Amino acid sequence: MRRAAPPRLHPALLAAALLALASRATAAPVSPPGAAPAPRDAHRPPLLQLPGEVRPVRYALDVEVLPDREDGIRGRAEIAVVLERSLARIWLHARDLAVAEVTVEVAGGPRVAGRLTQVHPTGVARLDLPRAVGPGPATIRLAWSARWGPGTGSFRARDGDAFYASTQFEAVDARRAFPCFDEPRFKTPFEVTLTVPAGLVAISNAPEQASEPAAGGLRRVRFSATRPIPTYLVFWTVGPYDVVDAPAPANGVRRAPLPVRYLVPRGRAGDAAFAREAGQALLAELERWFGTPFPYPKLDHVALPGFPLAMENPGAISYVESALLFDPRRQGPDERRSIADTMAHEMSHHWFGDLVTLPWWTEIWLNESFAQWMGTRAVQRWQPSWGADVAAAAGTARAMRQDELATTRAILKPLERIEEVEGQFDAMSYQKGAALLGMIERWVGEAPFREGVRRYLAAHADGTGSTDALLAAISAAAGRDVAGPFRTFLSQPGVPRVEAAVDCGGPGARVRLRQARALPRGSAAAPGGAWSIPVCVRYEAAGAVRERCTLLDEVEGTLALPEGCPAWLMPDAGAAGYYAWALAPADLARLRARGLARLSTLERLSYARSVAAAERAGALPYADAMDALTALARDRQPEVAAAPIEALERAREWLVPAADRPAVEALARRLYRPVLARLGWAARPGESSATRDLRARVVRLLAFTGRDPAVRREAARRGAAYAGVADGKLHPEAVDPELAPIALAVAVQDLGPPAFEAVLARARGAPDLATRERLLPALAAADDPGLARRFAAVVAGDEFPLLERVGAVLDLHAVRGDAAFVARRLALLEDEVDAWAAGLPPYLAARLPAVALGACSGEDAARVEALFAGRAAALPGVEPMVARAVEQIRLCAAGREADARPASEWFARAVTRGAPSRARGPR
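Everything in the sequence shown is counted per numbering that gives the first Met the number 0, starting at 0 for the first residue and increasing by one.
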């Protein structure tokens with residue numbers, strides 16, 4: 000599954016339509032949650048994992064899905080189980096379902112009627128029988144109905160004049176749609192039959208086997224039995240889809256064509272063209288790497304109305320439309336790369352997650368880390384110029400920032416409550432885990448790593464795997480212990496900092512290494528922690544650039560450099576290490592002066608990241624850090640040239656007083672006006688995604704941090720043209736897609752009501768989601784008090800889907816770090832938190848503290864704490880999100896206090912002494 004990652008929110012969070020809450024089902028209701036208090040004896044409800052005394056082995060689901068029906072779905076189920084002993088009580092899951100009947104039949108015996116009672120709000124249910132049955136094979140039969148859910152369970156959404164009904168079950172929401180044993184370890188075949196309106200398309204995980212007319216203008220669609228899958232991967236959708244057939248041809252791994260289709264909302268078939276191209280190429284890359292054919296008999300890619308994520312349902316991947324559909328008239332290369340990333344991620348899951356599944360949610364990293372790492376690899380192999388590896392490095396940097404916090408978590412963290420499951424889907428399970436896999440692959444070698452993964456998948460196909468089993472397989476293939484070092488990163492929170500110092504005294508040169516936990520100033524986290532860290536250094540000695548590695552498994556260690564004293568040394572060769580690094584001052588100066596131009600793009604980004612981390616920790620003076628960072632502004636690699644931008648934005652908005660802001664603005668203009676002059680306002684044919692991204696970041700910096708009058712005039716002109724201020728028509732060709740949010744925001748700020756009303760009008764009539772994602776956040780940039788109130792009214796109204804309104808508040812793409820913008824967002828959160836919590840899917844409602852992103856004062860931290868105090872019951876899983884947001888705000892405030900004076904002094908000197916020295920990388 001793909002989730003959002005700040006600072007630029009994935010379109011998934013901005014995409015879904017507001018899901019109407021339907022009326023209650025009419026069947027006899029389950030006993031309401033809480034009606035029977037949890038017993039204090041051996042029959043206490045199992046609130047985490049079900050007992051192993053009942054094991055499901057097969058499901059047959061017969062579900063009536065009528066998207067126009069107001070009261071949800073109705074269904075019947077037969078669940079074949081094995082009873083390990085004689086039982087009169089069976090625990091399973093059914094959340095807010097209306098169950099009309101339930102019986103249990105032991106093989107060869109009579110049916111016994113029972114009663115199903117939901118005993119906990121999370122959906123734990125107790126099936127009581129009048130007498131004990133079993134042991135042995137049995138069949139549980141149930142009839143039930145389920146209301147439409149808010150983006151989880153079985154839900155529906157309107158697109159145009161039609162409803163589409165779909166499902167989303169990860170992590171624990173299958174129980175909202177049908178009674179089941181809702182845990183990943185219970186993998187069984189599923190036989191699904193759907194009764195649907197005759198004119199609609201219906202799909203599920205497996206191929207359609209038969210279709211026949213049914214009474215009342217309906218038809219019954221029966222699907223083949225699936226391979227064993229867990230409940231969270233069961234899927235169906237019904238709606239007036241356009242279907243595009245695009246079979247994947249046979250290749251060197253798969254001998255027969257694979258049926259592949261793209262299902263898109265009615266009228267959007269043409270927008271699937273890029274996904275068809277990407278999907279075919281990426282599927283072949285994945286099959287080559289895994290060495291086995293795609294594991295399932297067909298593959299549907301489905302753009303789901305009303306869906307805010309992307310989900311790896313076997314044989315039927317579901318996507319937010321902006322993660323699958325591409326309109327070249329309105330979207331740019333950045334969206335293409337995002338679509339490819341998402342498709343590769345979800346297809347990777349068909350091996351890692353679907354074919355071999357995690358045993359319990361504490362090991363979700365097994366699914367997500369590998370899909371993240373493998374998806375990046377596949378896109379990089381297919382389109383190297385897109386810089387998927389560099390984008391992944393940015394994700395690693397975000398993970399490290401979270402991992403510096405006291406409120407971070409270990410990747411392998413036991414669950415105490417089922418409500419904590421959603422907290423597992425974070426940067427630790429995705430980006431940190433992916434970075435660790437990359438570090439291990441570099442340490443043991445590409446071929447042994449791949450062989451270990453293949454052995455693991457073969458040994459656990461159609462079952463569950465585990466962290467221990469995966470590490471054992473890689474260790475066996477590599478001929479060395481991988482599990483020991485890797486466990487030190489999985490079982491404890493935090494990111495290590497490796498301090499390196501070159502020692503050329505005595506016989507031979509060496510690098511002295513020392514590890515400690517990386518912590519920013521003001522942190523309350525314990526400073527301890529010890530890791531077994533594969534450390535690889537790059538250095539120049541004896542006329543050549545070289546690389547050496549060691550395993551730093553103690554607090555201190557030494558790495559010999561037999562060629563003699565190096566001219567320079569970089570402590571993270573290949574930028575593959577999951578650690579921050581620091582050099583002694585003289586060594587850092589030599590690296591900057593002699594070695595920076597010899598480093599790869601990823602290594603120079605590691606340099607920038609580690610300099611910033613050292614400054615946050617108080618280990619590097621502010622002036623030295625800014626000297627090192629701003630020297631990168633003229634780097635010819637666009638990703639590296641963008642490295643100083645965040646520091647400049649932070650300085651103007653949070654560090655220096657108003658009287659000193661002109662110095663920050665002047666330096667931002669001096670550094671980046673030449674960059675914009677070189678890049679221009681319009682992309683050139685064949686230009687890389689990284690160059691387009693740099694252009695957007697530079698325009699944003701000059702417009703908002705540099706306050707460049709010429710840039711703001713041009714941005715406002717283009718934004719007004721895009722929004723049709725003059726003629727009332729949308730003109731997406733007026734500005735490159737990457738620049739559109741910035742241009743629109745400047746137009747709203749500088750042109751006032753005419754631009755605001757034009758942007759709002761174009762959003763109302765926008766032909767697609769991608770266009771609304773550019774228009775609505777621009778309204779949030781309005782700094783005129785009257786227009787800010789107008790935006791607040793838009794957010795509070797129901798003219799746009801709720802997720803799009805919340806997304807407009809959260810989006811930081813146009814105006815990142817603006818203090819007044821942060822204050823307006825917090826005020827909106829205080830006004831709307833209860834309405835948002837009630838209408839958002841639970842997994843997104845728990846992330847509402849992200850609205851505080853960018854705040855930087857103790858007062859703001861206190862506001863966030865006070866706002867969410869007492870709301871935990873209504874927002875399950877919100878507590879760690881609040882704690883993390885509050886800590887980030889307080890750490891920002893601590894850094895602000897420490898850096899304010901040094902920042903003012905450094906910018907005053909920088910403006911008077913001229914531009915910093917240039918650092919050029921490989922062309």
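Note that the Cβ used here is the ideal one computed from N, Cα and C, for glycine as well. Remember, predicted model here, so these are calculated numbers, not experimental data.
{"Asked": "Phe-369 - DSSP class collapsed to helix/strand/coil", "Found": "helix"}
{"Asked": "Boundaries of the beta strand (DSSP E) in which Phe-189 is found, first to last residue", "Found": "189–196"}
{"Asked": "Reference Ala-392, options Pro-50, Gly-751, Leu-193, Gly-576, closest by Cα", "Found": "Gly-576"}
{"Asked": "C-beta neighbour in chain C for Thr-236, strict 9 Å", "Found": "Within the model displayed, chain C is absent; a lone protein chain is all it includes."}
{"Asked": "Ordered list of alpha helix (DSSP H) runs contained in the region 644–730, each at least 4 residues", "Found": "644–649, 660–678, 688–699, 708–722"}
{"Asked": "Per-residue DSSP class, three states only, for Trp-567", "Found": "strand"}
{"Asked": "Under 9 Å between C-beta atoms of Leu-578 and Asp-571", "Found": "Note on identity: in this sequence residue 578 is Tyr, with Leu being the wrong assignment. Cβ atoms of Tyr-578 and Asp-571: closer than 9 Å."}
{"Asked": "Sequence-distant residues of the same chain with beta carbon closer than 6 Å to Arg-294, five excluded per side", "Found": "Before going on, a small fix: residue 294 reads as Pro here, not Arg. Counting only Cβ-Cβ distances below 6 Å, and skipping sequence neighbours, we find His-349, Leu-354."}
{"Asked": "Among Pro-55, Pro-383, Leu-550, the one whose alpha carbon lies nearest that of Ile-89", "Found": "Pro-55"}
{"Asked": "Helix, strand or coil at Gln-514 [DSSP, three-state]", "Found": "strand"}
{"Asked": "Cβ contact (3+ pairs, closer than 8 Å) linking the region 723–738 and the region 758–778", "Found": "yes"}
{"Asked": "Short Cβ contact (9 Å threshold) for Glu-539 with Pro-565", "Found": "yes"}
{"Asked": "Test item: CB-CB of Phe-168 and Thr-225 under 9 Å", "Found": "no"}
{"Asked": "Cβ neighbours of Val-808 in the same chain (closer than 8 Å, five flanking residues each side left out)", "Found": "Ala-779, Val-794, Arg-824, Leu-827, Leu-828, Val-850"}
{"Asked": "Pro-495 - containing beta strand (DSSP E), residue span", "Found": "495–502"}
{"Asked": "Supposed contact pair Ala-722 and Ala-754 - C-beta distance, whole angstroms, cut 8 Å", "Found": "6 Å"}
{"Asked": "Anticipated Cβ contact below 8 Å, Trp-359 with Gln-636, distance rounded", "Found": "About 43 Å separates the two Cβ atoms, so there is no contact after all."}
{"Asked": "Per-residue burial, Pro-447 [other beta carbons within 10 Å of its own, 16 or more giving buried]", "Found": "buried"}
{"Asked": "Cβ-based neighbour list, Pro-248, same chain, cut-off 6 Å, excluding 5 preceding and 5 following", "Found": "Pro-256"}
{"Asked": "DSSP state of Leu-166 mapped onto helix, strand, coil", "Found": "The sequence shown places Thr at residue 166, not Leu. The answer is strand: DSSP assigns Thr-166 an E or B state."}
{"Asked": "Pairwise C-alpha distance: Pro-44 and Ala-35", "Found": "With a pLDDT of 36 at Ala-35, under the threshold of 50, the modelled position of this residue cannot be trusted; read the value that follows with caution. Rounded to whole angstroms, Ala-35 to Pro-44 spans 11 Å at the Cα level."}
{"Asked": "C-alpha distance - Ala-343 paired with Leu-404, whole-angstrom precision", "Found": "30 Å"}
{"Asked": "Stretch-stretch touch, CB-based, cutoff 8 Å, three pairs: the region 897–905 with the region 618–632", "Found": "yes"}
{"Asked": "Cβ neighbours of Pro-134 in the same chain (closer than 7 Å, five flanking residues each side left out)", "Found": "Leu-82, Glu-83, Arg-84, Ser-85"}
{"Asked": "8 Å contact criterion, which Leu-923 and Ala-667 should meet: CB distance rounded", "Found": "Limits of the chain in this structure are 0 at one end and 922 at the other, which puts residue 923 out of reach."}
{"Asked": "Which listed residue (Trp-235, Pro-196, Pro-183, Gly-216) has its alpha carbon closest to that of Glu-207", "Found": "Trp-235"}
{"Asked": "Neighbourhood of Tyr-261 by C-beta, 7 Å cutoff - its chain only, sequence neighbours within 5 removed", "Found": "Val-243, Ala-245, Ala-271, Ala-274, Arg-275, His-300"}
{"Asked": "CA-to-CA distance, Arg-597 to Trp-580, given in whole angstroms", "Found": "18 Å"}
{"Asked": "Identity of the residue in Arg-696, Val-220, Gly-751 nearest Glu-963 by Cα", "Found": "Within the shown structure, residues of the chain are numbered from 0 to 922, placing residue 963 beyond reach of any answer."}
{"Asked": "C-alpha distance - Pro-50 paired with Arg-68, whole-angstrom precision", "Found": "37 Å"}
{"Asked": "Ile-89, DSSP secondary structure in three states", "Found": "strand"}
{"Asked": "Residue nearest to Pro-484 in terms of C-alpha spacing, selected from Cys-179, Gly-269, Leu-470", "Found": "Leu-470"}
{"Asked": "Cβ shell of Ala-907 (< 8 Å), same chain only, five flanking positions each side left out", "Found": "Asp-659, Ala-662"}
{"Asked": "Short Cβ contact (9 Å threshold) for Lys-186 with Thr-463", "Found": "yes"}
{"Asked": "Buried or exposed (CB count within 10 angstroms, at least 16 for buried), Pro-307", "Found": "buried"}
{"Asked": "Complete alpha helix (DSSP H) runs within the region 426–500 (minimum length 4 residues, chain order)", "Found": "432–443, 445–459, 466–477, 482–489"}
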